[in-house]
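First up is the structure itself, then whatever we jot down about it.
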Amino acid sequence: MDRPIGILDSGVGGLTVVKEIMHLLPNEQLIYVGDTARCPYGPRSPQEVRKFTWQISLALQKMNVKMLIIACNTATAVALNSLSRQMPFPVLGVIFPGARAASKATRNHKVVVLGTSGTVKSGAYEYAISALSSSSQVEALACPTFVPLVESNEYEGEFAHKMVQEALAPLKGKDFDTVILGCTHYPLLQGHIEEVVGEHVHVVSSAQETANDVKDYLDFHQQHNTKPGRKEPIFYATGSIPMFKEIAERWLALEHADVRRIQF
170 MDRPIGILDS
180 GVGGLTVVKE
190 IMHLLPNEQL
200 IYVGDTARCP
210 YGPRSPQEVR
220 KFTWQISLAL
230 QKMNVKMLII
240 ACNTATAVAL
250 NSLSRQMPFP
260 VLGVIFPGAR
270 AASKATRNHK
280 VVVLGTSGTV
290 KSGAYEYAIS
300 ALSSSSQVEA
310 LACPTFVPLV
320 ESNEYEGEFA
330 HKMVQEALAP
340 LKGKDFDTVI
350 LGCTHYPLLQ
360 GHIEEVVGEH
370 VHVVSSAQET
380 ANDVKDYLDF
390 HQQHNTKPGR
400 KEPIFYATGS
410 IPMFKEIAER
420 WLALEHADVR
430 RIQF
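What follows is the structure in structure tokens.
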């Protein structure tokens, strides 16, 4: 099936999912919508996040996508169920893949979830991990400074490292062996996070597991793009085009990112 795959996020964080899908499924056409003008979603009410997620999903439906990936943990927590029931195509979120990755990685069954305040309040990761392993202990820590750091393109260097150290200070001395990057923005800070928590801790994200789920679905339903050749993704942003373009080109190693404006 030669229709595109739709991906949405509150900003640039979902590019971490795009990167994994591009690597695993280079023939697939991806259409990405980043709601950079209204980012971050984490501090917003569930009702507001659900409204924004539906607006973007309906726009992607008009673009004739064959499936939708909610590449935002906050939006997954509040909107996945309703979208899955009502959209005429499959809708995948990023929370269960992240929980599955953590369950595979942990040895002492003590897991820390780093997320936005919205994701942490939802308890979605605790629910997903307990469904996979009832013996796991899960602690969630909100890191509200991380998304603005990434969206402002300041996720490298000493300032970013200091911000990560400050945010993760409550974890000092705790006996966990696995950290979930419970926001798709956070892999852009992964190097800093790994330095702070130490090499004995597994740091996992949902991006690779989500890409695997996409491939499994396309395999099972025989819906792969049959036109040969690598497809360049198309991006839509509600905020700054130059900033989005710079981050996309750097993170995805693109010579020229096709970034267009979209408004809601």
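All you need for my numbering is the position in the sequence shown, starting with 1, plus 169.
For glycine and all other residues, C-beta sits at the position ideal for the given N, C-alpha and C.
Here the structure is a predicted model, which means the values were calculated and not measured.
When DSSP labels each residue in this structure, what does residue i get in the three-state scheme?
i: ARG213; result: coil
i: LYS290; result: helix
i: PHE433; result: coil
i: HIS371; result: strand
i: THR245; result: helix
i: PHE328; result: helix
i: MET178; result: In the sequence on display, residue 178 carries Asp and not Met. Of the three classes helix, strand and coil, the one that applies to ASP178 here is strand, per DSSP.
i: MET256; result: coil
i: LEU237; result: strand
i: GLU320; result: helix
i: GLU284; result: Checking the sequence, you will find Gly at residue 284 rather than Glu. Note: GLY284 maps to strand in three-state DSSP.
i: ASP427; result: strand
i: ALA422; result: coil
i: VAL263; result: coil
i: ALA311; result: strand
i: HIS354; result: coil
i: SER409; result: coil
Can you grab the Cα-Cα spacing for the pair residue i / residue j, in whole Å?
i: SER253; j: ASN277; result: 34 Å
i: GLN230; j: SER305; result: 38 Å
i: GLY182; j: PRO257; result: 26 Å
i: GLN391; j: GLU189; result: 20 Å
i: TRP420; j: VAL186; result: 11 Å
i: SER251; j: GLY262; result: 12 Å
i: SER226; j: ARG172; result: 15 Å
i: HIS330; j: VAL316; result: 14 Å
i: GLN255; j: LYS235; result: 14 Å
i: ALA406; j: ILE431; result: 6 Å
i: THR222; j: GLY292; result: 19 Å
i: PHE433; j: GLY203; result: 12 Å
When DSSP builds the beta bridges, which residues end up paired with residue i?
i: HIS192; result: Per DSSP, none; premise fails for HIS192.
i: LYS341; result: Bridge partners of LYS341: none, in fact.
i: LEU347; result: Sequence inspection shows Thr at residue 347; the Leu mentioned does not correspond to that position. Note: THR347 sits in a beta bridge opposite VAL280, HIS371.
i: TYR201; result: ILE176, PHE404
i: VAL365; result: DSSP lists no partner for VAL365.
i: GLN306; result: LYS279
Of all Cβ atoms in chain D, is any one closer than 8 Å to the Cβ of residue i?
i: ALA206; result: The chain labelled as chain D is not found in the depicted structure, where only one protein chain is given.
Would you grab the beta carbon distance between residue i and residue j for me? Rounded to a whole angstrom, and I think it's under 8 Å.
i: PRO212; j: GLY284; result: Contact flag wrong, Cβ pair sits at about 12 Å.
i: ILE200; j: MET170; result: With a Cβ gap of about 14 Å, ILE200 and MET170 do not count as contacting.
Inter-stretch contact (C-beta, 8 Å, three-pair minimum) for the segment 282-297 and the segment 412-425: As far as the Cβ criterion goes, the segment 282-297 does not touch the segment 412-425, which means the pair count is below three.
Cβ contact check for the segment 399-410 and the segment 423-431: 3 or more pairs under 8 Å: By the C-beta criterion, the segment 399-410 is judged to be in contact with the segment 423-431, since at least 3 inter-stretch pairs fall below 8 Å.
Just checking, does the segment 217-225 make contact with the segment 192-199 on the three C-beta pairs under 8 Å criterion? Using a Cβ-Cβ distance cut-off of 8 Å, the segment 217-225 and the segment 192-199 are not in contact, since fewer than three pairs of beta carbons, one from each stretch, lie closer than that value.
Indicate whether the contact test is met: 3 or more Cβ pairs, each with one atom in the segment 267-275 and one in the segment 200-212, closer than 8 Å. The segment 267-275 is not in contact with the segment 200-212.
May I ask you to verify whether the segment 322-342 touches the segment 372-392, counting CB pairs closer than 8 Å and requiring at least 3? Contact fails: fewer than three Cβ-Cβ distances are below 8 Å.
Any contact between the segment 241-248 and the segment 344-364? By contact I mean 3 or more CB pairs, one from each, below 8 Å. They touch, by the three-pair rule.
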